[in-house]
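In this text, residue positions in the sequence shown follow the UniProt record's numbering: the first is 1, and each later residue adds one.
Beneath this line is the structure, given in structure tokens, with notes to follow.
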Amino acid sequence: MDVKTAFLHGDLDKNLFIQIPKGYESRQTVPICLKLKKSLYGLKQSPRNWYLRIKRFFVKAGFCSSAANPCFFIRNKPNPCFVFMHVDDLVIGGNNLDVFRAQISSVFDMKDLGDLGYVLGMKVTRNWVERVIFLSQELHVNSLLSSFGMGSCKRVSTPQVPSSKLLPLATADSEPAKLHYRRAVGLLNYLVACTRPDLAYSASSLS
1 MDVKTAFLHG DLDKNLFIQI PKGYESRQTV PICLKLKKSL YGLKQSPRNW
51 YLRIKRFFVK AGFCSSAANP CFFIRNKPNP CFVFMHVDDL VIGGNNLDVF
101 RAQISSVFDM KDLGDLGYVL GMKVTRNWVE RVIFLSQELH VNSLLSSFGM
151 GSCKRVSTPQ VPSSKLLPLA TADSEPAKLH YRRAVGLLNY LVACTRPDLA
201 YSASSLS
């Protein structure tokens with residue numbers, strides 16, 4: 001599920017003032033400003049204000065946040081349900097999801113995106129018969145390879161050739177080249193964290 005205009009629901013914990021937007025004329029003879037009543041997109045505190053707002057909803061609905069991940073909410077009874085939140089996207093699971101959908105839709109303007117297919121760059125495939133879930137990142141891998149000129153490379157059986165040696169960083173390397181390398185390592189580490197822990201040693205050696 002998706003929360004429409006999520007950041008606009010956040011409450012402000014201090015006074016904030018803005019200039020009158022372009023296109024609006026003021027009849028005042030002296031310069032004036034506007035006082036915000038709610039959070040706006042672009043404010044540095046808007047993401048946190050939104051989290052605190054929706055957390056109050058979850059607590060009121062009988063949920064508690066996980067100690068391991070504050071964006072993971074669990075309700076054991078009544079109507080057991082769990083919700084994983086990433087900004088304005090909610091991944092929900094449970095026995096009677098219609099109850100939760102009705103609850104949250106009564107407070108926020110929601111959009112139901114249907115069964116989970118992709119989340120955080122991962123493809124989610126469910127086998128209902130065997131009751132298993134598969135995660136894959138084929139699109140992420142293909143995008144990574146294309147970005148670094150390896151779109152036509154061949155597959156290998158191991159993550160790293162045992163005899164391979166990394167060259168030390170040359171002091172003459174330009175900053176764009178260094179940034180390019182760090183970006184590659186970051187994309188690879190995200191792959192390791194999500195679906196490919198077997199690449200952890202190779203990724204760490206690059207770091």
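The beta-carbon is built from N, C-alpha and C at its ideal position, and this holds for glycine as well.
Who are the near neighbours of Ser39 in its chain, counting only those whose CB is closer than 8 angstroms to its CB and skipping five residues on each side? If you number the sequence shown from 1, residue 39 lands on position 39. Apart from the 5 residues on each side of it in sequence, Ser39 sits with its Cβ closer than 8 angstroms to the Cβ of Phe7, Leu8, His9, Gly10, Asp11, Leu12, Gln45, Ser46, Asn49, Trp50 in its chain, given in chain order.
Please name the residue, chosen from Phe57, Val87, Ile74, that lies closest to Thr5 on a Cα-to-Cα basis. The residue you call residue 5 lines up with position 5 of the sequence shown. Cα-wise, what sits closest to Thr5 is Val87.
Confirm, please, whether the CB-CB distance from His140 to Gly121 is below 8 angstroms. As a working mapping, residue 121 is identified with position 121 in the sequence shown. As a working mapping, residue 140 is identified with position 140 in the sequence shown. Taking 8 angstroms as the Cβ cut-off, Gly121 and His140 qualify as a contacting pair.
Hey, could you find the ends of the alpha helix (DSSP H) Asp98 is sitting in? Residue mapping note: residue 98 aligns to position 98 of the sequence shown, counting from 1. Annotation for Asp98: the continuous alpha helix (DSSP H) segment containing it runs 97-105.
What are the start and end residues of each continuous alpha helix (DSSP H) run of 4 or more residues lying completely inside the segment 10-94, in chain order? As far as the segment 10-94 is concerned, its whole alpha helix (DSSP H) runs of at least 4 residues are 46-60.
Check Ser163 in the structure and name its three-state DSSP category. Along the sequence shown, one-based indexing puts residue 163 at 163. Coil, per DSSP.
Which residue's Cα is closest to the Cα of Ser207: Pro78, Tyr181, Asp198? Translated into the one-based positions of the sequence shown, residue 207 becomes position 207. It is Tyr181 whose Cα lies nearest to the Cα of Ser207.
Kindly list the residues whose CB is nearer than 6 angstroms to the CB of Cys81, restricted to its own chain and excluding five residues on each side of it in sequence; keep chain order. As a position in the sequence shown, residue 81 is number 81, starting the count at 1. Excluding residues within five positions, the ones whose Cβ falls inside 6 angstroms are Arg75, Gly94, Phe100.
Can you check whether the CB of Asp198 is closer than 8 angstroms to the CB of Pro159? As a working note, residue 159 is residue 159 in the sequence shown. As a working note, residue 198 is residue 198 in the sequence shown. Yes, the pair counts as a contact, with Cβ atoms nearer than the cut-off.
Buried or exposed for Gln137, please, with buried defined as at least 16 other CB atoms from any protein chain shown within 10 angstroms of its CB. The residue given as residue 137 occupies position 137 in the sequence shown. It is buried - the Cβ of Gln137 has at least 16 other Cβ atoms within 10 Å.
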